[in-house]
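Quick note: the sequence shown uses the UniProt record's numbering, first residue 1, plus one each step. Report on the following structure.
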Amino acid sequence: MTLRISLSSFRRPVALGFLAILLNGCGITSWFHSTPSPKAPPPITKGQDKVSFSTEWQSRLYGIWQVDPYQGTLVAHGQGQVVVADASGHLVSMTDSGHQMWMRSLDGRTARGPTLAGGVVYAGTDAGKVYALTAKDGHKLWAVQLSSEVLTPVVAVDGHLLVQTADGHLWALDPKDGKVQWTFSMNEPSLILRTVATPTVHDGVVYAGFADGTVVALSLSSGAELWREQVAIPHGSNELARMVDVAARPVIAKDQVIAAAYQGNLAAYALQGGTQNWSVPMSVYQTPVLDDGHLFVADADGRISSVDLNSGDVLWRNDRLSGHYITGFGLCGSDLLATDNAGYLYVVDPQTGHRVGQTRLSDSGIQSTPVCLGNGQILAFSDAGTLYRIKLAKR
Numbered sequence: 001m002t003l004r005i006s007l008s009s010f011r012r013p014v015a016l017g018f019l020a021i022l023l024n025g026c027g028i029t030s031w032f033h034s035t036p037s038p039k040a041p042p043p044i045t046k047g048q049d050k051v052s053f054s055t056e057w058q059s060r061l062y063g064i065w066q067v068d069p070y071q072g073t074l075v076a077h078g079q080g081q082v083v084v085a086d087a088s089g090h091l092v093s094m095t096d097s098g099h100q101m102w103m104r105s106l107d108g109r110t111a112r113g114p115t116l117a118g119g120v121v122y123a124g125t126d127a128g129k130v131y132a133l134t135a136k137d138g139h140k141l142w143a144v145q146l147s148s149e150v151l152t153p154v155v156a157v158d159g160h161l162l163v164q165t166a167d168g169h170l171w172a173l174d175p176k177d178g179k180v181q182w183t184f185s186m187n188e189p190s191l192i193l194r195t196v197a198t199p200t201v202h203d204g205v206v207y208a209g210f211a212d213g214t215v216v217a218l219s220l221s222s223g224a225e226l227w228r229e230q231v232a233i234p235h236g237s238n239e240l241a242r243m244v245d246v247a248a249r250p251v252i253a254k255d256q257v258i259a260a261a262y263q264g265n266l267a268a269y270a271l272q273g274g275t276q277n278w279s280v281p282m283s284v285y286q287t288p289v290l291d292d293g294h295l296f297v298a299d300a301d302g303r304i305s306s307v308d309l310n311s312g313d314v315l316w317r318n319d320r321l322s323g324h325y326i327t328g329f330g331l332c333g334s335d336l337l338a339t340d341n342a343g344y345l346y347v348v349d350p351q352t353g354h355r356v357g358q359t360r361l362s363d364s365g366i367q368s369t370p371v372c373l374g375n376g377q378i379l380a381f382s383d384a385g386t387l388y389r390i391k392l393a394k395r
């Protein structure tokens, strides 16, 4: 897990191992949440192994790859093209059959991976720049310098590009040239997770989470604040215990928005006015999954739950992966998918919560949520930089 420390106006990333040594001297190491070590999962219950896996192709990509536990690179996919970014600032484009199209170097590491929209690849870096390149050949269209490290993928929506930076700013940029349309800012705590929630847009409103535990609704056209609510209140005797980042992307469910905070709560708010409908204690950094009126959540301890949208009550909970570090959580067809830092891909039945399939793709860990291509096909990306195309089939 990579954290960020701020002393006055000084901000820089600090590796967890170094931070543990630093805090051990202060006698407070017992408060921090460390990333679980990779380990094999328990076997699937006899008779419930209902999904088989086959690798259609795999491709080892050039670059320096690594899993930052709260910031594995996302895979961008669209129109038969796949784009990923490595830890040293390379953008790599491939066909969805695994053949490389082009590669470009940026001036820093790309936060959470690139975005592919309208024939353009957008990417933000830890040097504070946002780039726009043609998807066809990687030609640079423009680049703009922002105030701090870009921590979210670029969200392209209705003539706006939305990004959040490490200094608590949310930016709206013009897709044509990168010019700033508006900004919104929040005061950041001294210690934050390296990632923040990617903004969600619905009916002309931006819903964004921040490191102080708040979720904010803003006008997409102007950036004017409509409402804000506290998902979690910091508590504890040290900065690590007080971390309550809203790191999961807000999810729109009917007439409410679902927000979640690390070491905090899972909560639902009315889209109009932000009235809290319910809140339950749950530490979450993976974006919840919504399917057919049902909400599914993978928490920071590796447990997967089904949550009632009207009350927040837990309908079922699978704790068989408790203690595993979940690196990705999503939906493909009628199956829930989860990945972990031991390199396993899991398939979970959304009706019962039982694991119905699992396979180890890589011993280096899986970076982020697999991309669903449809017809049981997914793309998964390992920590070692290998991209897999996997076919799921019912037994």
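Glycine included, every Cβ here is placed at the ideal spot set by N, Cα and C. It should be emphasised that the depicted structure is a prediction, and the values quoted were computed from it without experimental measurement.
Which partner residues does residue i have in the DSSP bridge list?
| i | result |
| --- | --- |
| Val130 | Gly124 and Val144 |
| Arg228 | Val216 |
| Tyr269 | Val257 and Gln276 |
| Ala156 | Leu161 |
| Gly78 | Gln81 |
| Leu290 | Leu295 |
| Gly374 | Gln377 |
What's the call for residue i, buried or exposed, on a 16-neighbour Cβ count within 10 Å?
| i | result |
| --- | --- |
| Asn375 | exposed |
| Gly89 | buried |
| Gly25 | Summary for Gly25: the model assigns pLDDT 39, below 50, so the residue's position carries little reliability; its value from the coordinates is reported in the next sentence. It is exposed - the Cβ of Gly25 has fewer than 16 other Cβ atoms within 10 Å. |
| Gln358 | buried |
| Ser362 | buried |
| His235 | exposed |
| Ile233 | exposed |
| Tyr70 | In this prediction, Tyr70 has a pLDDT of 43, which is less than 50 and means its spatial position is unreliable; what the coordinates show is noted afterwards. The residue is buried, with at least 16 neighbouring Cβ atoms inside 10 Å. |
Looking at C-alpha atoms only, which residue of the options is the closest neighbour of residue i?
| i | options | result |
| --- | --- | --- |
| Gly222 | Met103, Val205, Ser305 and Gln272 | Residue identity check: residue 222 is Ser in the sequence provided, not Gly. Nearest C-alpha to Ser222: Val205. |
| Gln377 | Leu387, Ser368, Thr369 and Lys391 | Lys391 |
| Val201 | Gln256, Ser283 and Ile233 | Gln256 |
| Leu226 | Thr275, Val251 and Val246 | Thr275 |
| Gly333 | Gly124, Lys394 and Val155 | Lys394 |
| Lys254 | Val244, Gln272 and Ala241 | Gln272 |
| Met282 | Leu379, Gly80, Ala40 and Ala261 | Ala261 |
| Leu336 | Val347, His169 and Pro199 | Val347 |
| Asp177 | Asn310, Lys140 and Ser382 | Lys140 |
| Asp301 | Thr214, Gln263, Arg249 and Gly343 | Gln263 |
| residue 432 | Val155, Phe184 and Glu188 | No information on residue 432 is available, as it lies outside the stretch 1 to 395 that the chain covers here. |
From which residue to which residue does the beta strand (DSSP E) around residue i run?
| i | result |
| --- | --- |
| Phe381 | Gln377 to Phe381 |
| Ser305 | Ile304 to Val307 |
| Ile390 | Thr386 to Lys394 |
| Asn187 | Premise fails: Asn187 is in no beta strand (DSSP E) and is neither H nor E. |
| Tyr325 | Taken as a continuous stretch (DSSP letters only), Tyr325 belongs to no beta strand (DSSP E), as it is neither H nor E. |
| Glu56 | Val51 to Arg60 |
| Gly357 | Arg355 to Arg360 |
| Leu337 | Asp335 to Asp340 |
| Met101 | Gln100 to Ser105 |
| Asn238 | It is not in any beta strand (DSSP E) - Asn238 carries neither H nor E in the DSSP assignment. |
| Met94 | His90 to Thr95 |
| Thr115 | Thr115 to Ala117 |
Measuring only the C-alpha atoms, how far is residue i from residue j?
| i | j | result |
| --- | --- | --- |
| Pro175 | Pro153 | 14 Å |
| Arg389 | Ala224 | 43 Å |
| Ala384 | Gly365 | 8 Å |
| Arg104 | Ala85 | 10 Å |
| Leu61 | Thr369 | 18 Å |
| Ala135 | Leu373 | 19 Å |
| Val150 | Arg109 | 9 Å |
| Ala298 | Thr287 | 8 Å |
| Gln81 | Pro114 | 12 Å |
| Val67 | Asp340 | At Val67, the pLDDT of 45 sits below 50, so the modelled position is not reliable and the matter cannot be decided from this model. |
| Val307 | Gly330 | 15 Å |
| Phe296 | Asp167 | 31 Å |
Verify the contact flag: residue i, CB atom, against every heavy atom of the ligand PLP, threshold strictly below 7 Å.
| i | result |
| --- | --- |
| Lys176 | As far as ligands go, the structure on display features none, and thus does not contain the ligand PLP. |
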